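Residue numbers (our numbering): 1 to 317. Ideal Cβ placement from N, Cα and C applies to all residues, glycine included. The structure displayed is predicted, hence computed values, not measured ones. Presented below is the structure to which this report refers.
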Amino acid sequence: MPAEQQNPDGSLAHLLTLQDMPLATAERLFSLADFYAAGNRARRLRGKLLVNIFFESSTRTRTAFEAASKQLGADVVNLDQIRMAGATKSESLEDTVRTVSAMGAAGIVLRHGEDGAAHKAAAVAPAGVVIINGGDGCNSHPTQGLTDAYTMRQHFGKDLSKLSVAIVGDVLHSRVARSNLHILRLLGVDDIRLAGPEQLCPSALAQQLGATVNHNIDDALAGVDVVMMLRIQRERIQALNRNVDMSEAEYLAQYGLTEARAAALKPSAVVMHPGPINRGVEIADSVADSKRSLILQQVHYGMAIRMAVLTDLIADE
Ligand code: CP
Numbered sequence: 001m002p003a004e005q006q007n008p009d010g011s012l013a014h015l016l017t018l019q020d021m022p023l024a025t026a027e028r029l030f031s032l033a034d035f036y037a038a039g040n041r042a043r044r045l046r047g048k049l050l051v052n053i054f055f056e057s058s059t060r061t062r063t064a065f066e067a068a069s070k071q072l073g074a075d076v077v078n079l080d081q082i083r084m085a086g087a088t089k090s091e092s093l094e095d096t097v098r099t100v101s102a103m104g105a106a107g108i109v110l111r112h113g114e115d116g117a118a119h120k121a122a123a124v125a126p127a128g129v130v131i132i133n134g135g136d137g138c139n140s141h142p143t144q145g146l147t148d149a150y151t152m153r154q155h156f157g158k159d160l161s162k163l164s165v166a167i168v169g170d171v172l173h174s175r176v177a178r179s180n181l182h183i184l185r186l187l188g189v190d191d192i193r194l195a196g197p198e199q200l201c202p203s204a205l206a207q208q209l210g211a212t213v214n215h216n217i218d219d220a221l222a223g224v225d226v227v228m229m230l231r232i233q234r235e236r237i238q239a240l241n242r243n244v245d246m247s248e249a250e251y252l253a254q255y256g257l258t259e260a261r262a263a264a265l266k267p268s269a270v271v272m273h274p275g276p277i278n279r280g281v282e283i284a285d286s287v288a289d290s291k292r293s294l295i296l297q298q299v300h301y302g303m304a305i306r307m308a309v310l311t312d313l314i315a316d317e
């Protein structure tokens, strides 16, 4: 875990990554999430100002953080840097963080296209201003990783260690895949299989991440308890001058979770996807909406996790 993420007393100063997070910290966040998931509400952020700074689009993360902040009694400002003057006037990320901090923000939720952007923000945030990573490039999406693991715990029980999990699709560009790997390993899951075409799920990357890789999706799905499908991130592929040399129909046939593949899964297996979904590309419509699908459960529990994270990092006591 990066030094700037943790205070000397072990509490979180920022939430930048799940890599090397102590198990006790994750359990503390899950325990707070249990409180909120049970329907309890506590206006523990009354009088605090939260600012969502999003340099990339978001439906789930931004809305969940805004709603969670409001449910906790905070005042919330959404700074949409995709459209607002800050980005077009070339103000740096660091100056944006300094500016918002000077206005009295207690916390900043940051989404940015660059790997390491949240770490850069934390490096300039004044003492007492919390940076929460809402997704940085292909690097990390800690609240999604926590949400996904929490959703699995709600479905399977707290001990996930015996589960087999397949993470399938565009692993190369997925910050969610990396954060899921970090939290699932922390929770003792050994059997994590990465799968997809070599272009999007390179063997070298899997080796670097310490996970197994399978380019045959049918083999990868055999006997798994959880299938986590990932969308092809065409915007990132284009920005990085990369290429996927197959049509959407070919991708679905070779690597997508079709109805036939879903039917061949273990009867108790569940299907997950962090969203947004490319229906008919990485997952068939009927599978996304099937009884196996926990996709809307992920969205639901994402609220409790965001409330837990905001409480843990920002509430006074
Ligand atoms: N899963 C996720 O990060 O979705 P959004 O891009 O809608 O926030």
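Of the other Cβ atoms in all chains shown, fewer than 16 fall within 10 Å of the Cβ of T59; this residue is therefore exposed.
Check the Cα spacing between R292 and each of M229, L252, D20, G113: the tightest is with M229. Cβ neighbours of P274 within its own chain (closer than 7 Å, five residues either side excluded): Q144, D148, V176, Q298.
Listed in chain order, the non-local C-beta contacts of Y301 below 8 Å within the same chain comprise A33, A37, T147, Y150, T151, Q154, local neighbours out to five positions each way being set aside.
For the set R44, H173, I108, the Cα lying nearest the Cα of N241 is the one of H173. With a threshold of 16 other beta carbon atoms within 10 Å, M21 meets it and is buried. Within 10 angstroms of the beta-carbon of K89 lie fewer than 16 other beta-carbons, which makes it exposed. One Cα belongs to T212, the other to L205, and the distance between them is close to 10 Å.
A distance below 9 Å separates the beta carbons of S140 and L18.
Shortest gap from the CB of S58 to any heavy atom of the ligand CP: under 8 Å.
A Cβ-Cβ contact shorter than 9 Å links V281 with Y251. Scanning its chain for C-beta atoms nearer than 8 Å, with the 5 sequence neighbours on each side dropped, one finds around K266 the residues G223, V224, D225, in chain order. If only uninterrupted beta strand (DSSP E) runs of at least 3 residues are considered, those enclosed by the region 33–85 are 49–54, 75–80.
Residues of the same chain with a CB within less than 7 Å of the CB of G113, apart from the 5 flanking positions on each side, are F55, E56, G137 in chain order.
Between the ligand CP and Q297, a heavy atom-to-CB distance of less than 8 Å is absent. Boundaries for G302: no beta strand (DSSP E) harbours it, while the alpha helix (DSSP H) harbouring it runs 295–314, taken from the DSSP string.
Here DSSP, grouped into helix, strand and coil, assigns H273 to coil. Contact between the region 183–195 and the region 22–30 is present, with at least three C-beta pairs closer than 8 Å.
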